[in-house]
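There are 2 protein chains.
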Amino acid sequence: MEEIKRVEPRTLSGFMELLPQDQIKFNEIVQVIKETYELYGFLPQDTPIVEASEVLLAKAGGETEKQIYSFKKGDKDLSLRFDLTVPLAKYVAQYYNDITFPYRRYQIGKVYRGERAQKGRYREFYQCDIDIIGDSKLSIINDAEMPSIIYTIFKKLNFGKFIIKINNRKILNGLFEELNVADKMTDILIIIDKLEKIGIEAVKEELSKIGVENSTIEKIEEFLNIEGSTDEKIAKLKEININNEIFKEGLNELEEVIKYVRAFNVDEDSFTVDLTIARGLDYYTGTVYETNLVGYESIGSVCSGGRYENLAEYYTKKKLPGVGISIGLTRLFYNLKELGLLNSEQKSISKVEVITMGVGVENAVEISNMLRENNIPNEIYKEDVKVKAKFSYANNLDIPYVIIIGEEELEKGLYTLKDMYTGEQEMLSKEDILNRLK
Amino acid sequence: MEEIKRVEPRTLSGFMELLPQDQIKFNEIVQVIKETYELYGFLPQDTPIVEASEVLLAKAGGETEKQIYSFKKGDKDLSLRFDLTVPLAKYVAQYYNDITFPYRRYQIGKVYRGERAQKGRYREFYQCDIDIIGDSKLSIINDAEMPSIIYTIFKKLNFGKFIIKINNRKILNGLFEELNVADKMTDILIIIDKLEKIGIEAVKEELSKIGVENSTIEKIEEFLNIEGSTDEKIAKLKEININNEIFKEGLNELEEVIKYVRAFNVDEDSFTVDLTIARGLDYYTGTVYETNLVGYESIGSVCSGGRYENLAEYYTKKKLPGVGISIGLTRLFYNLKELGLLNSEQKSISKVEVITMGVGVENAVEISNMLRENNIPNEIYKEDVKVKAKFSYANNLDIPYVIIIGEEELEKGLYTLKDMYTGEQEMLSKEDILNRLK
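The listed protein sequences derive, respectively, from chains A and B. With numbering that gives the first Met the number 0, the residue at position 400 of the first sequence is 399, and numbering never jumps. With numbering that gives the first Met the number 0, the residue at position 5 of the second sequence is 4, and numbering never jumps.
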């Protein structure tokens, strides 16, 4: 007999692989997100994970490009997608003539970034994205719909209190223009974006390092310190009377978004204006969002996004403005599990295990099929083992009910239903079992 | 202004990317498969797409290995999974102590093979797999459950008549042992597997080429020609009285599987014994299945699988027998579309578009939320365009209903519901609209 050379089975670090109990919970969350996206009429999208490098990296550069999984197959340069936005841009440019605008799509799928391995950082992770793309223009009201969708999802997911933070990049851009630091805008935004993580003193230090003058830093700090209720913040922004068109445009947009966010019935407690949010990514041009789980701010934003003026400029001359959000599900799941917020109790999909005792397994088919036809997941235990082992299976998987079929049941045309939590059992007709389990 | 270097947006050949109408249909099929797998109690599994080459290719070799997408990232040799069976084997070996056996799992996901580009051949494609893995042993009744699951799925999918072909490798193995060509077994099985594609004469020629004697070829042909009903075939197999233990074991197993397939209520018309099925893959050891759409045999098997004695021998010493099936969904979808069997009529997820005429969009929120709370997907049209364009959107996406809110509706506290197919419209209360649409 040939000897087999065995390999240690292992999963790459930075790649999430779950045991059934966690996978069931993970899929439940995906289902809530997907259902909500669909209830808002978003169309499904499923783009390839592998794309031509030339296409995928048309825009990329810097940090992102270094992290990309690129490789050759034959004479082709290929890459694994690193987000779902670039594939969306490609798709909209490619199928422009087949698409009805505003194009509302969702995509839930895996993306790849070769980040340094670190607790809670994944190299393969799910993004759950929605975007609304307009053809040349797109109403600002769409920017207000995004928070209402975030709100609906996190209410349903029930992980506790959350807050959606809303800002408008134009307010910051206008301010910096007014402060004569427009040339350092991108760098300043990236620094401000770290405020929550590193604190105001570190932000000031970094601003100083890139050559922002102290008097300007003070004004930026004063601005970032604007506090109060949503309406108070907006009032203060008006009062500071910055005579800059971009600033004014941003403020108007923010006011409009807030008005409609309220119209969309988002609880006043669940959203706020946060002038410190910039979203490092340079393609956001207007409204930006982040979402925090209250009390767990350290895990960072669990749902972010914003408005961009030109989705697909690297693929087409058409102007395609859009607004979107993304939930980084793999990381969120990891954090929820670490924090003990998951409550993943369910170890089985089956609600019922059907077992036979001293009679053939074929006697289990009728009741099993009937339950299945009534959408009750169940399975027939088919192994030839002792009765105790048949019950162990249900115990190990926390299957809530066992149906037992033995000689007595066959004679009487009945089934014994055992509640595995209470231990109670009763001989019942098919119909009674169905009513009990429904 | 910086000029942008544009890239032609394109999708790699061999990678399926669908427009919304097809994607909706594709997802519907996935949903039927997933729901059915879950109704049978299979647990979800989601393994990484990227694995260490050493782990993924522990067993692979020959044709498969050439097709694999392998690459380096840093100093790591990585590969994209080429099926869902190897990741399953790895998973079961790796988490053996956490798994309750028999382990019933499904995985629906993308796999990668760099096959030569060809119509209907994909390099990225979905497999939809279920497997039942036993710890050291697994009842033959599991082999009979597989056809009942295939049956349930293809009944629900409703693509027309289909036939599940069942065989047992041991019957063929025993026969070849008896004919003294056991040393050529694998080659012979691969040739026989092509019977449907290339015909009996070509099969005989190929057998001759690998050195099978003419008298033996005649006996193989005679065997492959066994015809009649399922019971007649089994009776004939008994009559030919081959005195070989493996043959007898295979015949017993086949009889047992057929008995239970019937017990599982699979229509007599939807399955058959087909002695010519071998499944080229060398890891099948007992029962094997293929499924054909009747009248469309040329597209090949749409659901195949079988029994294997040792799933994870390259990762563990534990004996882990299993049985499983796989639906190659991307290819199936391509073929169904080519054959016009898809009936993908639905272009939108939304059942209702809510539009305002001369009043603010905020007035659309209440009815939209109410519909959503009642699981009716809908969307508010938010762009500031002419009324005609608002209706065009519903027309282009075949959204069946439009709800119109204007001044009159606001005054009366009613909504106008327009049926976009009949053109009829009526002013109704919220509650009446809900009843109409439910």
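We put the CB at the ideal spot given by N, CA and C, even for glycine.
| Query | Result |
| --- | --- |
| Is the CB of ARG278(B) under 9 Å away from at least one CB in chain A? | no |
| Say whether chain A places a C-beta atom closer than 9 Å to the C-beta of MET0(B). | Note that MET0(B) has pLDDT 49, beneath the 50 cutoff, so the model's placement of it is unreliable and the number below is only indicative. It does not; no Cβ of chain A falls within 9 Å. |
| Just list the residues that DSSP pairs CYS302(B) with in beta bridges. | According to DSSP, which records beta bridges pairwise, CYS302(B) is partnered with nothing at all. |
| Is the CB of ARG104(B) under 9 Å away from at least one CB in chain A? | yes |
| Does the CB of ASP97(A) have a neighbour CB from chain B at under 9 Å? | yes |
| With distances taken from CA atoms, which of GLU352(A), ARG306(A) and ILE257(A) is nearest LEU137(A)? | ARG306(A) |
| For chain A, check one thing: does any of its Cβ atoms lie closer than 9 Å to the Cβ of LYS193(B)? | no |
| Pick helix, strand or coil for ARG9(B), following the three-state DSSP scheme. | coil |
| When you check each C-beta in the segment 12-26 of chain B against every C-beta of chain A, which residues fall closer than 8 Å? | PHE14, MET15, GLU16, LEU17, LEU18, PRO19, GLN22, ILE23, PHE25 and ASN26 |
| Within a Cβ cutoff of 6 Å, which residues of the same chain sit near ASP76(A), ignoring the five residues on either side of it in sequence? | SER52 |
| Since ASP142(B) contacts GLY285(B) with CB under 8 Å, what's their CB separation in whole angstroms? | 7 Å |
| Give the list of continuous alpha helix (DSSP H) stretches no shorter than 4 residues that lie fully inside the segment 239-276 of chain A. | 244-262 |
| Keeping to the same chain, check which residues put their C-beta closer than 7 Å to that of PHE222(A); ignore five residues upstream and five downstream. | LEU174 and LEU274 |
| Which one or two residues does DSSP pair with GLN106(A) in a beta bridge? | ASP128(A) |
| Going along the chain, which residues of its own chain have a beta-carbon closer than 6 Å to the beta-carbon of VAL364(B), five neighbours each way excluded? | none |
| Name the chain A residues whose beta carbon is nearer than 7 Å to that of PHE263(B)? | VAL364 |
| Spell out whether any CB of chain B is found under 9 Å from the CB atom of LYS429(A). | no |
| DSSP three-state call for ASP418(B): helix, strand or coil? | strand |
| What runs of the alpha helix (DSSP H), each 4 residues or longer, lie entirely inside the segment 141-201 of chain A? | 168-177 and 184-192 |
| For MET0(B), which of helix, strand or coil comes out of DSSP? | Its pLDDT being 49, under 50, MET0(B) is placed unreliably in this model, and the coordinates cannot settle the point. |
| Just checking: is the beta-carbon of LEU433(B) within a distance shorter than 9 Å of some beta-carbon in chain A? | no |
| With DSSP as the reference, please indicate the residues paired to ILE216(A) in a beta bridge. | Paired residues: none, contrary to the question. |
| At 7 Å on the CB atoms, spell out the chain B contacts of GLY113(A), in chain order. | LYS72 |
| Name the DSSP beta bridge partners of THR290(B), please? | ILE163(B) |
| Short of 7 Å in beta carbon distance, which residues of its chain neighbour TYR400(B), apart from the five on each side in sequence? Order them along the chain. | LYS350, VAL351, LEU416, LYS417, ASP418, MET419 and LEU436 |
| Less than 8 Å between the CB atoms is what I'm expecting for ILE199(B) and SER269(B), so what's the real figure, rounded? | Actually they do not touch by this definition, with Cβ atoms about 26 Å apart. |
| Keeping to the same chain, check which residues put their C-beta closer than 7 Å to that of PHE448(B); ignore five residues upstream and five downstream. | Here chain B covers residues 0 to 437 and nothing more, so residue 448(B) does not appear. |
| Give, in chain order, every residue of the segment 118-142 of chain B whose Cβ lies closer than 7 Å to some Cβ of chain A. | GLU123, SER138, ILE140 and ASN141 |
| Determine the DSSP secondary structure at ILE379(B), reduced to helix, strand or coil. | strand |
| From MET0(B) to ILE190(A), what does the alpha carbon distance come to, in whole angstroms? | The predicted position of MET0(B) is uncertain, since its pLDDT is 49 and thus under 50; a value taken from the coordinates is nonetheless stated next. Using only the alpha carbons, I get a separation of about 26 Å. |
| Under 9 Å, do ILE129(A) and TYR282(A) count as touching if we go by C-beta distance? | no |
| From the DSSP secondary-structure annotation, give me the bridge partner or partners of GLY285(A). | DSSP output for GLY285(A) lists no bridge partner at all. |
| State the beta-bridge partners of VAL351(B) as determined by DSSP. | ASN377(B) and TYR400(B) |
| At 7 Å on the CB atoms, spell out the chain B contacts of ASN438(A), in chain order. | Because chain A is modelled from 0 through 437, residue 438(A) falls outside the range shown and cannot be assessed. |
| How big is the Cα-Cα spacing for ALA92(A) and LYS4(B)? | 15 Å |
| Extract the residue ranges of the beta strand (DSSP E) inside the segment 31-115 of chain B, only unbroken runs of 3 or more that lie entirely within it. | 49-51, 69-72, 75-79 and 102-111 |
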